[in-house]
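Trainee: There's a structure below that I have some questions on.
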Amino acid sequence: MKKQCKNCQANKICNDSYISWIFFAIGLVATIAVRVVTVLAHLDEIYGKIAWYVGVGGFFLFFLYKYAINQSLTRLVARNNLIDKVSEKKELNSDEARLIGKILCELSSSKERMNYFFIFAVSAIALVIALYFDFIK
Numbered sequence: 335m336k337k338q339c340k341n342c343q344a345n346k347i348c349n350d351s352y353i354s355w356i357f358f359a360i361g362l363v364a365t366i367a368v369r370v371v372t373v374l375a376h377l378d379e380i381y382g383k384i385a386w387y388v389g390v391g392g393f394f395l396f397f398l399y400k401y402a403i404n405q406s407l408t409r410l411v412a413r414n415n416l417i418d419k420v421s422e423k424k425e426l427n428s429d430e431a432r433l434i435g436k437i438l439c440e441l442s443s444s445k446e447r448m449n450y451f452f453i454f455a456v457s458a459i460a461l462v463i464a465l466y467f468d469f470i471k
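Okay, so the sequence shown: first residue is 335 according to the numbering used here, each after it adds one.
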């Protein structure tokens, strides 16, 4: 018996762009770089500085991209008066429905969830290692 895909239509609509994957990777590298600053600084100060610059520079690029996406979506919502239309249960035309779908895709991105988990996990590991270097070693 063949299982039916619950989100097949959503999967077809919510395709991530190539550029979003690039910025996702930049965000992951930045996360690692910032978290290893303390460890690398204990090994050699220059490595710690390099990691800091890579991390902060990567976060700068990543959050600049995320801000631009957010601003773009915010302008689309305002320009099309989508909040009022949805709140008042007015009928949406096909372009407005497509815009809402695009916004919902952004909000339900699996990359976002992976990013948050990765930041949490790497931060926890970095905290344990930093405590080791600062108090045990």
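The beta-carbon is built from N, C-alpha and C at its ideal position, and this holds for glycine as well.
Considering just the uninterrupted stretch of the alpha helix (DSSP H) at K400, what are its terminal residues?
Mentor: Position 66 of the sequence shown, counted from the start, is the residue given in the question as residue 400. K400 -> alpha helix (DSSP H) spans E379 to R413.
Trainee: Under a Cβ-count criterion, where at least 16 other Cβ atoms within 10 Å of its own Cβ denotes burial, should A455 be classed as buried or exposed?
Mentor: Against the sequence shown, residue 455 aligns to sequence position 121. That one is exposed.
Trainee: If we ignore side chains and look at the alpha-carbon of each, how far apart do I470 and F358 end up?
Mentor: Numbered from its first residue, the sequence shown carries residue 470 at position 136. Numbered from its first residue, the sequence shown carries residue 358 at position 24. One C-alpha to the other measures close to 35 Å.
Trainee: Could you tell me the boundaries of the alpha helix (DSSP H) in which E446 lies?
Mentor: Within the sequence shown, the letter at position 112 stands for residue 446. Per DSSP, E446 belongs to the alpha helix (DSSP H) from S444 to L465.
Trainee: State buried or exposed for R369, treating a residue as buried only when at least 16 other CB atoms are found within 10 Å of its CB.
Mentor: As a first step, residue 369 is located in the sequence shown; it is residue number 35 there, counting from the start. The residue is buried, with at least 16 neighbouring Cβ atoms inside 10 Å.
Trainee: Please name the residue, chosen from D378, G382 and C439, that lies closest to S351 on a Cα-to-Cα basis.
Mentor: Along the sequence shown, one-based indexing puts residue 351 at 17. Cα-wise, what sits closest to S351 is C439.
Trainee: Would you mind sorting A364 into buried or exposed? The rule is 16 or more other CB atoms within 10 Å of its CB.
Mentor: Walking along the sequence shown from the start, residue 364 turns up at place 30. Counting Cβ neighbours within 10 Å, A364 comes out buried, since at least 16 surround it.
Trainee: For L438, which three-state DSSP category applies?
Mentor: Along the sequence shown, read from residue 1 onward, the residue named residue 438 stands at position 104. L438 falls in the helix class under three-state DSSP.
Trainee: Might you give, ordered along the chain, the residues of its own chain that have their beta carbon closer than 8 Å to the beta carbon of Y381, omitting 5 neighbours on each side?
Mentor: Numbered from its first residue, the sequence shown carries residue 381 at position 47. Here the set comprises L374 and A375.
Trainee: Out of curiosity, what's the CA-to-CA distance linking I366 and G389?
Mentor: Start at 1 with the first residue of the sequence shown, and residue 366 comes out as number 32. Start at 1 with the first residue of the sequence shown, and residue 389 comes out as number 55. Roughly 7 Å between the two C-alpha positions.
Trainee: Tell me which residue opens and which closes the alpha helix (DSSP H) that L416 is part of.
Mentor: As a working note, residue 416 is residue 82 in the sequence shown. Counting along the chain, the alpha helix (DSSP H) containing L416 begins and ends at L416 to S421.
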